[in-house]
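Participant: Let me begin by handing over the structure; questions about it come next.
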Amino acid sequence: MIYSLSLLLILVGLYGVVVNRNVMKIVLSLLVMEHGVHLLLILIGYRAEGRPPIMDATTAATEFAANAVDPLPQAMVLTSIVIGLGVLALLVALCVRLYQRYGTFDVTRMRRLRG
Amino acid sequence: MIPLFIALPLAAAFLLPLFGGRHPAFADWLANGILLCLVILAFGSIGQEAVYHMGAWSTPIGIDLRLDPLASLLLIAVSVIGLITAFYSVQYMRTYTAKHRYYGLFLLLVAGMNGVILAGDLFNLYVLMEIATVASYALVAFGCRHEELEASFRYAVLGTLSSIIILIGVALVYAMTGTLNMAHIASRIAEIGMGPPLMFALALFVGGFGLKAALVPFHAWLPDAYPSAPAPVSAIFAGVLSKVIGIYVIARLLYNVFGVTEVELEVLRWLGVISMVVGGLLATGQWDMKRLFAYSSIGQVGYIVLGLGLGTPLGVVGALYHLLNHAVFKSLLFLNAGTVEYMTGTRDLKQLGGLNRAMPVTRATTLVASMSIAGIPPFNGFWSKLIIIVACVQSGFLGFAATAVIMSIVTLGYQLKVQRHAFATAPLPGSAAVVTEPRLMCAAMILLALGCVVLPLLLLGGFASPLLIGPAKEALLGGVLTLLPEAGG
Numbered sequence: 000m001i002y003s004l005s006l007l008l009i010l011v012g013l014y015g016v017v018v019n020r021n022v023m024k025i026v027l028s029l030l031v032m033e034h035g036v037h038l039l040l041i042l043i044g045y046r047a048e049g050r051p052p053i054m055d056a057t058t059a060a061t062e063f064a065a066n067a068v069d070p071l072p073q074a075m076v077l078t079s080i081v082i083g084l085g086v087l088a089l090l091v092a093l094c095v096r097l098y099q100r101y102g103t104f105d106v107t108r109m110r111r112l113r114g
Numbered sequence: 000m001i002p003l004f005i006a007l008p009l010a011a012a013f014l015l016p017l018f019g020g021r022h023p024a025f026a027d028w029l030a031n032g033i034l035l036c037l038v039i040l041a042f043g044s045i046g047q048e049a050v051y052h053m054g055a056w057s058t059p060i061g062i063d064l065r066l067d068p069l070a071s072l073l074l075i076a077v078s079v080i081g082l083i084t085a086f087y088s089v090q091y092m093r094t095y096t097a098k099h100r101y102y103g104l105f106l107l108l109v110a111g112m113n114g115v116i117l118a119g120d121l122f123n124l125y126v127l128m129e130i131a132t133v134a135s136y137a138l139v140a141f142g143c144r145h146e147e148l149e150a151s152f153r154y155a156v157l158g159t160l161s162s163i164i165i166l167i168g169v170a171l172v173y174a175m176t177g178t179l180n181m182a183h184i185a186s187r188i189a190e191i192g193m194g195p196p197l198m199f200a201l202a203l204f205v206g207g208f209g210l211k212a213a214l215v216p217f218h219a220w221l222p223d224a225y226p227s228a229p230a231p232v233s234a235i236f237a238g239v240l241s242k243v244i245g246i247y248v249i250a251r252l253l254y255n256v257f258g259v260t261e262v263e264l265e266v267l268r269w270l271g272v273i274s275m276v277v278g279g280l281l282a283t284g285q286w287d288m289k290r291l292f293a294y295s296s297i298g299q300v301g302y303i304v305l306g307l308g309l310g311t312p313l314g315v316v317g318a319l320y321h322l323l324n325h326a327v328f329k330s331l332l333f334l335n336a337g338t339v340e341y342m343t344g345t346r347d348l349k350q351l352g353g354l355n356r357a358m359p360v361t362r363a364t365t366l367v368a369s370m371s372i373a374g375i376p377p378f379n380g381f382w383s384k385l386i387i388i389v390a391c392v393q394s395g396f397l398g399f400a401a402t403a404v405i406m407s408i409v410t411l412g413y414q415l416k417v418q419r420h421a422f423a424t425a426p427l428p429g430s431a432a433v434v435t436e437p438r439l440m441c442a443a444m445i446l447l448a449l450g451c452v453v454l455p456l457l458l459l460g461g462f463a464s465p466l467l468i469g470p471a472k473e474a475l476l477g478g479v480l481t482l483l484p485e486a487g488g
């Protein structure tokens, strides 16, 4: 089913986070995961042949509820994208600082801390 | 009154970076003043139970903030620990640049935590949790040295991962119940029952929030992140952050939204016991003071989760009481470690020694905190551990009770190690000369040490239902949430 595709995207992202050694690629993999979840959310609100969830004076509430796609997950995805942007900015800033300190993007060579 | 808990620190967090740079004293006063207001508000919220509808939209459409005795208990913990650590920061953070930005992030963290406590629906809980965690990633990296950046990166990657897991859970719950409001979800689950998708969502929540709380299989980020942050930040992390965005949310979801079952409780018990053992044993091997305390934090959180996992009234009382106590003594220990580092320039136990004479206040307060955490009567830690152990025995988990007792002795062991190596032994040759301890930092530590002595007074309300904690326990065990009457704006 189409849901499994978003799950696949999440798993691809997870694989990237676990396997990559480059900090930037880890950050990008997190982004892929996040968008997988966003697609899942959009799919939850989706309705085949649904109309855009915009209510105007001529539509009755019951007709609207029967035909429109669910707007709430869309609002959630918008919020989540904005949060994701904030986190991404912070992570990229961290990567830049890490590169300045260590001179590398390789996580396996950033080992000042011991277990 | 309820939205002020979020609005006040949020507003100040935006004002500080704008105006705080020119007048450093202004930043100190504003941050501490706001936190003092929050303390007053938090104590004012005792005994109230209400829902606030944001923008006056009614419940299924608008956003709810929900105040109940459990929320009051945590609001008090957050604001008091926040105020004391901010007060400590006035002097401690002089060694860093850009103090106003630090306060901005600090208040953002407080706003996020208050929001998580008050949130009445899952998605806003997620959003406010993200506010708190993003601020915490930045605070861990605040010093911008090698270790701090590395720890912050690890923490941020794992934290983002757990947030994504939580968001999947939120999506699943919405798909199954068609609502995000916690009270509505609870009533919908009562109708449709816990199907496999909801069980999966619950597992995702326990995993995601368990990672934020650093329960043992998910604890890898914590021993790096806590020691790397500035001392007041480690204090608020260990004291309240991991509890609010980890333990509190798990407890709330399990007890008040999904409804407890024996399987869920068993998972919690095992998570608790494993955290307790692994955290305690790893702590004994550490030589970095803050790192030792960080591992010990994992172990103590294990006690709280074990108490919650018992599911009996006494177990929950013990857990909530230990949560409050741990907030006080673990923050105190981190502030002590911060003072030691501030004065001597190191927190390596092998290089320290003989601070006995030079730092009498730090020594005395560390001793109080150590005795509390190790469970020596009459300090607060003894009572909460006693309640948890008695509750274990009552429920018939003798093995868990014995483990709790043994780990308490291990705790005593590693706390004595700190006492001996940092304070008791003769100073090593070549260790830096020590001047008198900074007054403000001492005041903050003494306040927390007083907390360790005063908190047992809560038991005056009775052993099974202490003051403050009794109502919170009732709120947690009162079954799933129902819709509450509306509060005045």
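Residue numbers (numbering that gives the first Met the number 0), protein chains in the order written: chain A, 0 to 114; chain B, 0 to 488. Just so it is clear, CB atoms sit at the ideal spot from N, CA and C, and this is done for glycine as well. As the structure is a computational prediction, the values presented were derived from the model and not from experiment.
#1: At least one CB of chain B closer than 8 Å to the CB of LEU90/A: is that the case?
#2: Which of the three DSSP states, helix, strand or coil, is assigned to TYR51/B?
#3: Are the CB atoms of LEU446/B and ILE83/B within a distance shorter than 8 Å?
#4: Answer with buried or exposed for MET54/A, where buried requires no fewer than 16 other C-beta atoms within 10 angstroms of its C-beta.
#5: By Cβ distance below 7 Å, which residues in the same chain neighbour SER5/A in space, the five residues on each side in sequence not counted?
#6: Check the Cβ of PRO72/A against every Cβ in chain B and list those closer than 8 Å, keeping chain order.
#7: CA-CA distance, ILE188/B and PHE257/B?
#8: Measuring only the C-alpha atoms, how far is TRP269/B from ALA26/B?
#9: On the DSSP bridge list, what partners appear for GLU21/A?
#10: Would you report the Cα separation of TYR225/B and ALA336/B, rounded to the nearest angstrom?
#11: Quick check for students: name the residue ranges of the alpha helix (DSSP H) that lie wholly in the segment 264 to 334 of chain B, counting only runs of 4 or more.
#12: Are the Cβ atoms of ILE113/B and LEU475/B separated by less than 8 Å?
#13: Near MET358/B, which residues of its chain fall below 6 Å by C-beta distance, leaving aside the five closest residues on each side in sequence?
#14: Does the CB of ILE188/B have a neighbour CB from chain A at under 8 Å?
#15: Can you give me the C-alpha to C-alpha distance between GLY487/B and TYR51/B, rounded to a whole angstrom?
#16: Per the contact definition of three or more C-beta pairs closer than 8 Å, is the segment 172 to 180 of chain B in contact with the segment 108 to 126 of chain B?
#17: In chain order, what residues of the same chain lie with their CB nearer than 6 Å to the CB of GLY194/B, ignoring the 5 residues before and after it?
#18: Go through its chain and collect everything with a Cβ distance to ASN31/B's Cβ below 8 Å, but skip five positions before and after it.
#19: Excluding the 5 residues preceding and the 5 following THR311/B in the sequence, name in chain order all residues of the same chain whose CB lies nearer than 7 Å to its CB.
#20: Would you kindly work out how many angstroms separate the C-alpha atoms of ILE460/B and ASP287/B, rounded to a whole number?
#21: Quick one: Cα of LEU40/B to Cα of PHE63/A, how far?
#22: Using DSSP with H/G/I as helix, E/B as strand and the rest coil, what is LEU214/B?
#23: With C-beta atoms as the reference, is GLY209/B less than 8 Å away from PHE217/B?
#24: Excluding the five sequence neighbours on either side, which residues of its own chain have a C-beta within less than 7 Å of the C-beta of PRO72/A, listed in chain order?
#25: Relative to chain B, which residues along the segment 31 to 65 of chain A have a C-beta separation below 7 Å, given in chain order?
#26: Extract the residue ranges of the alpha helix (DSSP H) inside the segment 111 to 162 of chain B, only unbroken runs of 4 or more that lie entirely within it.
#27: For THR159/B versus LEU8/A, is the C-beta spacing smaller than 8 Å?
#28: Need the endpoints of the beta strand (DSSP E) that ASP63/B sits in, please.
#29: Could you tell me which residues DSSP pairs with ASP347/B in its beta bridges?
#30: Compare the C-beta of MET23/A with all C-beta atoms of chain B and state if any pair is closer than 8 Å.
#31: Within its chain, find whatever has a CB closer than 8 Å to the CB of LEU29/B; leave out the 5 residues flanking it on each side and keep chain order.
#32: What residue range does the alpha helix (DSSP H) around GLN418/B cover?
#33: Counting beta carbon pairs with one atom in the segment 148 to 166 of chain B and one in the segment 230 to 246 of chain B, are three or more of them shorter than 8 Å?
#34: Quick test of your reading: VAL409/B and ILE388/B, contact by CB under 8 Å. State the CB separation rounded to the nearest angstrom.
#35: So, helix, strand or coil for ALA59/A, using DSSP?
#36: In chain B, what lies closer than 9 Å to ILE82/A by C-beta?
Facilitator: Per the coordinate set shown:
#1: yes
#2: strand
#3: yes
#4: exposed
#5: GLY35, LEU38, LEU39, LEU42
#6: ALA170, TYR173
#7: 7 Å
#8: 45 Å
#9: In the sequence as presented, Glu is not what sits at residue 21/A; that position holds Asn. Looking at the DSSP assignment, ASN21/A forms a beta bridge with ASP105/A.
#10: 12 Å
#11: 288 to 309
#12: Correcting the residue type first, residue 113/B is Asn in the shown sequence and not Ile. Going by C-beta atoms, ASN113/B is not nearer than 8 Å to LEU475/B.
#13: GLU436
#14: no
#15: Unreliable positioning characterises GLY487/B in this predicted model, as indicated by a pLDDT of 43, which lies under 50. The coordinate reading is nonetheless provided below. Straight-line Cα distance between these residues: approximately 7 Å.
#16: yes
#17: none
#18: LEU82, ALA85, PHE86, VAL89
#19: ALA390, GLN393, SER394
#20: In the sequence as presented, Ile is not what sits at residue 460/B; that position holds Gly. If you take the alpha carbons of GLY460/B and ASP287/B, they lie about 40 Å apart.
#21: 43 Å
#22: coil
#23: yes
#24: LEU40, ILE41, ILE43, GLY44
#25: MET32, GLU33, VAL36, LEU39, LEU40, ILE43
#26: 121 to 139
#27: no
#28: 63 to 66
#29: ASP287/B
#30: no
#31: ALA11, LEU14, LEU15, GLY19, TYR102
#32: Counting along the chain, GLN418/B falls outside any alpha helix (DSSP H), and DSSP gives it neither H nor E.
#33: no
#34: Not really, about 15 Å apart at Cβ, beyond 8 Å.
#35: coil
#36: TYR125, VAL126, GLU129, ILE130, VAL133, SER162
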